[in-house]
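Residue numbers (this note's numbering): -9 to 171.
This is the structure:
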């Protein structure tokens, strides 16, 4: 009797768990992009990467603007899923003091990233790459995609780990609260 009850409870518990977790695991709907904000801005070390043309850059080159730095790769499925929304976010923020900077850690060069952009009709994102993965180390990124919000002084003020629906109203509202209308 006791083993039948235990088996029944395990089956019911498994059903409840699967019913609640399955949609989260297999849904194509990404969560809104929502930064976890730091209590105190964090100074960042020099973070080097390059443009599609091979120009050496670092985050300090963009001081004066808020930066949304998304560390990603073309082979990362969650990264691939969020890129159209990140492109739309860049389009939505075009007239604001915020720059969306996807930095790819692909080792195959800018041509692969540019092909990915064309295939997915990404028109408002620039190509930045870091095949050395230095960006991951200097920004303490342990998994991709990870998106770091940097203030105009070049300090980290927020972060989100995992893919997101970056063009959601919730994301736009949070960014408006941070940087103003």
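Built from N, CA and C at the ideal position, the CB exists for glycine as well.
A residue is called buried when at least 16 other Cβ atoms come within 10 angstroms of its Cβ; residue 83 meets this threshold and is buried. Taking the CA atoms as reference points, residue 169 sits about 16 Å from residue 23. A Cβ-Cβ distance of about 13 Å is found for the pair residue 58 and residue 27, leaving them out of contact under the 8 Å criterion.
Beta-bridge partners of residue 155 (DSSP): 22. For residue 75, the secondary structure class from DSSP, reduced to helix, strand or coil, is helix. Straight through space, the alpha carbons of residue 150 and residue 141 are spaced by roughly 15 Å.
When beta bridges are read from the DSSP output, residue 42 appears opposite no residue. DSSP, reduced to helix, strand and coil, places residue 89 within a strand of the structure shown. Rounded to the nearest angstrom, the gap between the Cα atoms of residue 166 and residue 157 is 13 Å.
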